[in-house]
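Student:
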Amino acid sequence: MPYLSSLEKEGIPTVLINFGEEEGKVVHDSTLHGIPKLRHLVASRNSVGGVTEAEYLLPLVIEELTRPLNQEEQKGGLWAPYESRILFEGTLQEAEEFYNQVEYIPEILNAPFSRYTDGLPVVIPTEERVEAMLKGTSHKPDELMTLQRDLDVRGFGAIDISTRRKKGDLVTFMPMYRSATVEQVAVNAVMAGCKPEQFPVVLAIAESGGGTGDGRGGGGAFMVSGPIYKEIGMNVTNFVFGPGNPVNKALGRVGSLMWRNLGGYKETVTTITTLGSPVTNGGFIIAEYAEGLPEGWKGLNEELGFGKDENVLMTCMPGIWGIGQQNMPGVYRSLQRTGHGAIARFLDVKGIPGPHNYLEYLTKNAWATNEGGFTLVMPPQIAQDLCDYGFKTKQEVYEWIWKRSFETVAEYRMRGMGDFVTNGWLGIEPTSGKPWKELPDDYKVPAGGEDPFRNYNIVLCNMEETAVARFSGGHGQAFSIDAWR
């Protein structure tokens with residue numbers, strides 16, 4: 010939309026092709042970017058597609074592009090929301106009813122959609138509660154959220170557009186490109202059920218934009234590295250992905266509330282998220298148990314360029330592959346202790362005690378129907394076994410897994426994501442420096458992403474059972490928690 014806006018403002022007509030359920034969002038976004046009368050055509054998801062769809066749309070596109078912009082279409086103007094600092098005055102019971110009100114959106118079949126919450130009841134953000142939350146930071150209530158350090162914003166694949174954002178740059182909350190103050194973040198922290206001692210973590214989440222990326226982030230997902238997890242009581246052990254720990258639940262949830270209240274998310278109106286993610290629905294945050302790392306393995310904070318005792322928040326994206334346990338714990342123990350069980354048979358080490366390279370089992374067919382990298386959440390024992398086998402650093406593990414993902418260009422052409430990351434096969438393959446179209450069929454490329462460190466990640470949690478959880482995405486963007494104390 011920003012590109013279409015720049016063309017329209019130069020007097021060049023444009024036409025956007027969208028789907029029917031996106032109509033509300035198109036009207037909203039075109040208004041947001043100052044081209045409220047943008048021409049757009051509606052394509053069908055249910056047609057036979059191919060030449061038939063093109064034959065239908067092409068004459069309409071040509072007609073719209075060759076017709077000069079009329080006076081109404083040349084009108085500009087930006088949409089800017091306004092909300093009073095005091096949203097509601099009344100009794101606490103009346104406030105609860107106010108904050109939990111809903112509206113009905115046609116594009117989601119008139120299902121109710123919450124105006125101010127993530128769909129769950131919230132703690133009402135009274136003046137007193139917000140004031141108490143603000144005591145958790147030295148930053149002033151009216152301070153605008155800005156970056157606390159320089160940040161590389163990375164693109165993706167062959168159409169990678171990496172930009173360098175500077176310390177002090179304004180934080181933008183998507184999908185409405187809004188800014189926010191520290192106090193507004195505190196309001197959402199109260200609503201989520203957070204406590205003042207947790208507020209520096211909340212502010213780091215806010216510095217990330219709530220983890221929503223381009224506005225389809227589902228409220229974001231996060232990892233915490235550093236000793237602060239003990240200070241505020243995060244769970245880093247058994248049932249780390251489950252309910253019960255109020256700190257993990259509240260901190261995980263706060264990103265979704267920021268997405269709604271600071272970013273202006275409204276399904277099919279300000280963004281389109283298709284199915285969403287069951288992983289981030291209700292919140293997702295975990296902390297690292299760095300005390301269990303083998304000698305020579307760095308914690309997440311050190312991997313991201315911080316000190317061993319610094320507190321860091323990293324964005325992650327556990328949505329594409331979901332979260333799944335990769336094997337029964339007892340089978341893994343049998344493999345390493347005695348060389349028996351299913352994994353031992355798979356590795357052909359029957360009767361030979363470990364250490365064995367469990368990664369060979371873990372990555373078997375890992376990219377059969379998926380692309381890109383992943384994060385492994387594992388207990389200290391498995392990490393130590395990998396170290397004893399010969400992986401003296403995490404980076405060695407990342408590189409081994411990444412090389413395992415290589416396949417021929419002929420195989421890679423069968424992947425849907427390939428059309429995207431290669432820019433329709435018109436881009437340059439990064440390793441060879443040659444155009445994708447010129448590469449021979451037997452040339453090897455990684456289905457597991459372009460870079461071992463960027464695409465893979467290992468986080469230790471102190472689970473007693475020897476099983477590994479896996480979800481999509483590697484190392485994300487890093488934000489200092491200590492900068493917000």
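Quick note: the sequence shown uses this note's numbering, first residue 10, plus one each step. We treat Cβ as the ideally placed atom computed from N, Cα and C, and that holds for glycine. Keep in mind the model is a prediction, meaning the values are calculated, not measured.
1. What is the rounded straight-line gap between the Cα of serine 265 and the Cα of glutamine 393?
2. Excluding sequence positions up to five away, which residues of its chain have a Cβ less than 8 Å from the Cβ of glutamate 19?
3. For a test of your reading of the model: does the CB of lysine 453 fall under 7 Å from any non-hydrogen atom of the ligand FMN? Yes or no.
4. Please report the straight-line C-alpha distance between glutamate 64 and serine 53, rounded to a whole angstrom.
5. Whole angstroms are fine: how far does the CA of methionine 200 sit from the CA of proline 461?
6. What distance in whole Å lies between the Cβ atoms of glutamate 216 and phenylalanine 488, which are believed to be in contact at a cut-off of 8 Å?
7. Considering only DSSP beta bridges, list what arginine 174 is partnered with.
8. Quick one: what's got a C-beta closer than 6 Å to lysine 46's C-beta in the same chain, skipping five residues either side?
9. If we ignore side chains and look at the alpha-carbon of each, how far apart do valine 249 and cysteine 470 end up?
10. Mind checking glutamate 474: buried by the 16 CB within 10 Å criterion, or exposed?
11. Leaving out five residues on either side along the sequence, give the residues of the same chain with a beta carbon under 8 Å from the beta carbon of proline 327.
12. If you draw a straight line from the alpha carbon of asparagine 27 to that of isoleucine 21, how long is it in whole angstroms?
13. Counting pairs of beta carbons, one from the stretch 127–136 and one from the stretch 96–110, are three or more of them closer than 8 Å?
14. Nearest-angstrom Cα distance between leucine 50 and leucine 67?
15. Once you ignore the five residues that flank glutamate 380 on each side, which residues in its own chain have a CB closer than 7 Å to its CB?
16. According to DSSP, valine 321 sits in a beta bridge with which residue or residues?
17. Within the chosen definition, does the stretch 295–307 reach the stretch 137–156 through at least 3 CB pairs nearer than 8 Å?
18. Quick check: what's the CA-CA separation for arginine 422 versus proline 439?
19. From Tyr186, Leu179, Val418, Leu395, pick the residue whose C-alpha is nearest to that of histidine 5; which is it?
20. Tell me the DSSP bridge mates of methionine 387?
21. Just to confirm the assignment, what range does the alpha helix (DSSP H) spanning tyrosine 274 have?
22. How should proline 184 be labelled, buried or exposed, when 16 other C-beta atoms within 10 angstroms of its C-beta is the threshold for buried?
23. Which whole-angstrom value describes the C-beta separation of valine 406 and leucine 371, a residue pair presumed to lie in contact below a C-beta threshold of 8 Å?
24. List in chain order: all unbroken beta strand (DSSP E) runs of 3+ residues lying wholly within the stretch 236–306.
25. Restricting to Cα atoms, I'd like to know which of Arg158, Pro150, Phe208, Asp178 is closest to glutamine 193.
26. Whose C-beta lies closer than 6 Å to the C-beta of leucine 129 among residues of the same chain, with five residues either side of it excluded?
27. Just how far apart, CA to CA, sit arginine 76 and glutamine 157?
28. Using the Cβ count rule (16 or more neighbours within 10 Å means buried), how would you classify histidine 484?
Tutor: Put simply:
1. Rounded to whole angstroms, the separation of the alpha carbons of glutamine 393 and serine 265 is 36 Å.
2. Here the set comprises nothing.
3. This structure lacks the ligand FMN; in fact it carries no ligand of any kind.
4. Approximately 13 Å, taken between the alpha carbons.
5. So the alpha carbons of these two residues sit roughly 39 Å apart.
6. The pair is a contact, with the Cβ atoms about 5 Å apart (cut-off 8 Å).
7. According to DSSP, which records beta bridges pairwise, arginine 174 is partnered with Leu160.
8. Only Glu81, Glu82 meet the Cβ criterion.
9. Distance from the CA of valine 249 to the CA of cysteine 470, rounded to the nearest whole angstrom, comes to 8 Å.
10. Around the CB of glutamate 474, fewer than 16 other CB atoms lie within 10 Å, so the residue is classed as exposed.
11. Taken in chain order, the residues that qualify are Ala230, Ser286, Val288, Thr289, Phe293, Thr384, Phe480, Ser481, Gly482.
12. Asparagine 27 and isoleucine 21: Cα-Cα distance of roughly 19 Å.
13. The answer is yes - the stretch 96–110 touches the stretch 127–136, with three or more Cβ pairs under 8 Å.
14. Rounded to the nearest angstrom, the two C-alpha atoms are 10 Å apart.
15. If the five residues before and after glutamate 380 are omitted, its C-beta is found closer than 7 Å to the C-beta atoms of Arg424, Met426, Ala456, all from its own chain and listed in chain order.
16. For valine 321, the pairing in a beta bridge is given by DSSP as Ser234, Ser489.
17. With the cut-off at 8 Å, the stretch 295–307 and the stretch 137–156 do not touch.
18. Distance from the CA atom of arginine 422 to the CA atom of proline 439, rounded to whole angstroms, is 16 Å.
19. Limits of the chain in this structure are 10 at one end and 494 at the other, which puts residue 5 out of reach.
20. Paired residues: Leu469.
21. Looking at the DSSP string, tyrosine 274 is not in any alpha helix (DSSP H), and its letter there is neither H nor E.
22. With 16 or more other Cβ atoms inside 10 Å of its own Cβ, proline 184 counts as buried.
23. About 10 Å; that fails the 8 Å criterion.
24. List check, beta strand (DSSP E) in window: 294–296.
25. Scanning Arg158, Pro150, Phe208, Asp178 for the CA closest to the CA of glutamine 193 turns up Pro150.
26. Non-local beta-carbon contacts of leucine 129 in its own chain, meaning distances under 6 Å to residues more than five positions away in sequence, are absent.
27. Rounded to whole angstroms, arginine 76 to glutamine 157 spans 48 Å at the Cα level.
28. Burial of histidine 484 is indicated by the presence of at least 16 other C-beta atoms within 10 angstroms of its C-beta.
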